[in-house]
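Student: Numbering (this note's numbering), first residue to last: 3 to 324. Even for Gly, the Cβ is constructed at its ideal location relative to N, Cα and C.
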């Protein structure tokens with residue numbers, strides 16, 4: 003009996019706090035092995051280089067919490083950067099706003115097709131991913147689009163500027179983390195998102211507008227992908243048609259490793275943050291080691307993901323038996 007209880011407790015602990023424990027252990031190990039690791043420069047670069055992915059992962063958290071998936075975010079990110087490049091010849095405001103409006107609209111389309119037409123999220127967003135990426139390649143002829151010199155300096159502030167000694171992308175990421183965390187935990191919308199993911203039929207019986215909630219979640223995900231694309235274009239000084247390749251997989255991995263259930267209804271924004279930083283730390287350690295092939299990074303990421311999914315499945319089976 004005690005053995006069973008201890009096993010169940012361990013599974014629950016690993017599911018809820020495993021990523022955080024892994025992050026702490028890796029941080030301790032890296033700080034011992036590498037003198038350069040715990041410098042402010044390295045830590046800032048670690049977060050900065052993953053701030054845009056973190057923004058995408060925030061949106062992905064809401065999608066997965068509704069028992070959905072969105073494979074189109076990488077393509078939407080690339081589209082936002084390209085549109086920002088074209089709009090930069092008109093004005094700074096248009097270069098910032100139009101890309102996000104477009105990606106929000108495409109996210110809305112995803113949501114309508116999934117919620118109203120009862121289509122599978124995987125198929126809908128896969129089609130959007132392929133279609134948008136193909137459009138970006140065709141429209142740009144696979145060439146990067148430079149930000150216009152007329153707004154280059156002011157536009158660069160959002161990707162390379164600083165406020166209070168911190169890079170602007172990090173500030174935006176942190177602010178969004180707090181907003182998303184608050185929305186998910188303390189607002190009606192957040193509770194409805196969790197309810198829809200936990201049990202859609204029960205949510206309908208409670209009178210929740212399930213379709214509208216799903217549409218809003220996919221539109222939000224599109225908006226955040228667009229914002230990340232604009233920030234990335236600002237940071238690089240160009241919109242790149244290849245931007246965001248595999249980011250959808252990285253975002254999903256970060257969200258799930260952070261403890262959000264692929265089956266929906268359970269997860270936190272803090273967990274997503276931990277997942278993003280954990281994956282970033284793994285890549286950072288591989289780079290500092292120097293002797294490890296960088297292709298091991300996705301291998302490690304995939305291993306983490308499989309372990310988390312196995313633990314989630316075991317916890318769910320145990321709860322269903324009870």
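Within a Cβ cutoff of 8 Å, which residues of the same chain sit near residue 212, ignoring the five residues on either side of it in sequence?
Tutor: 117, 198, 202, 205 and 206
Student: Would you kindly report the start and end of the unbroken alpha helix (DSSP H) that includes residue 157?
Tutor: 154-162
Student: Taking the alpha carbon of residue 76 as the point to measure from, which residue in 129, 148, 147 and 287 has its own alpha carbon closest?
Tutor: 129
Student: Go through its chain and collect everything with a Cβ distance to residue 263's Cβ below 7 Å, but skip five positions before and after it.
Tutor: 269 and 314.
Student: May I have a chain-ordered list of the alpha helix (DSSP H) segments no shorter than 4 residues that lie completely inside the segment 241-278?
Tutor: With a minimum length of 4 residues, the unbroken runs of alpha helix (DSSP H) contained wholly in the segment 241-278 fall at 249-259.
Student: Under the rule that 16 or more other beta-carbon atoms within 10 Å means buried, what is residue 119, buried or exposed?
Tutor: exposed
Student: In whole angstroms, what is the alpha-carbon distance linking residue 281 and residue 34?
Tutor: 19 Å
Student: Going by the beta-carbon positions, is the gap between residue 79 and residue 58 smaller than 8 Å?
Tutor: yes
Student: Got a sec? Which residues, its chain only, sit under 7 Å from residue 142 by beta carbon, not counting five neighbours each side?
Tutor: 84 and 243
Student: Under 8 Å by Cβ, that's how I've got residue 161 and residue 233 pegged, so tell me the actual separation to the nearest angstrom.
Tutor: 5 Å
Student: Quick check on the burial criterion: 16 or more other C-beta atoms within 10 angstroms. Buried or exposed for residue 122?
Tutor: exposed
Student: Taking C-alpha atoms, which residue in 285, 267 and 259 lies nearest to residue 276?
Tutor: 259
Student: Cutting at 7 Å between CB atoms, please list the residues of its own chain near residue 341, excluding the five before and the five after it.
Tutor: Any question about residue 341 goes unanswered here, given that the chain covers just 3 to 324.
Student: Please determine, among 54, 311, 138 and 266, the residue with the shortest C-alpha to C-alpha distance to residue 193.
Tutor: When 54, 311, 138 and 266 are compared, the shortest CA-CA separation from residue 193 is found for 266.
Student: Quick one, which of 89, 274 and 180 has its alpha-carbon nearest residue 21's?
Tutor: 274
Student: If contacts are defined as beta-carbon pairs under 8 Å, then residue 217 and residue 114 qualify, I think. What distance do you get, rounded to the angstrom?
Tutor: 6 Å
Student: Hey, could you find the ends of the alpha helix (DSSP H) residue 194 is sitting in?
Tutor: Start and end: 190-200.
Student: For the segment 113-156, list the alpha helix (DSSP H) runs that are entirely contained and at least 4 residues long, ordered along the chain.
Tutor: 123-142
Student: Measuring straight from C-alpha to C-alpha, what distance separates residue 287 and residue 72?
Tutor: 29 Å
Student: Applying the criterion that 16 or more other CB atoms from any shown protein chain within 10 Å of the CB defines a buried residue, is residue 249 buried or exposed?
Tutor: buried
Student: Near residue 62, what residues of its chain come up, given a Cβ to Cβ distance below 7 Å and the 5 sequence neighbours on each side ignored?
Tutor: Closer than 7 Å at Cβ, skipping near neighbours: 72, 75, 223, 253, 254 and 257.
Student: Nearest to residue 231 by alpha carbon, out of 32, 54, 221 and 31?
Tutor: 54
Student: With C-beta atoms as the reference, is residue 109 less than 8 Å away from residue 182?
Tutor: no
Student: Assign residue 3 to one of two classes, buried (16 or more other C-beta atoms within 10 Å of its C-beta) or exposed (fewer than that).
Tutor: Low confidence applies here, because residue 3 scores a pLDDT of 46, under 50, leaving its location unreliable and the question unanswered by this model.
Student: Using only the alpha-carbon positions, how far apart do residue 105 and residue 37 sit?
Tutor: 42 Å
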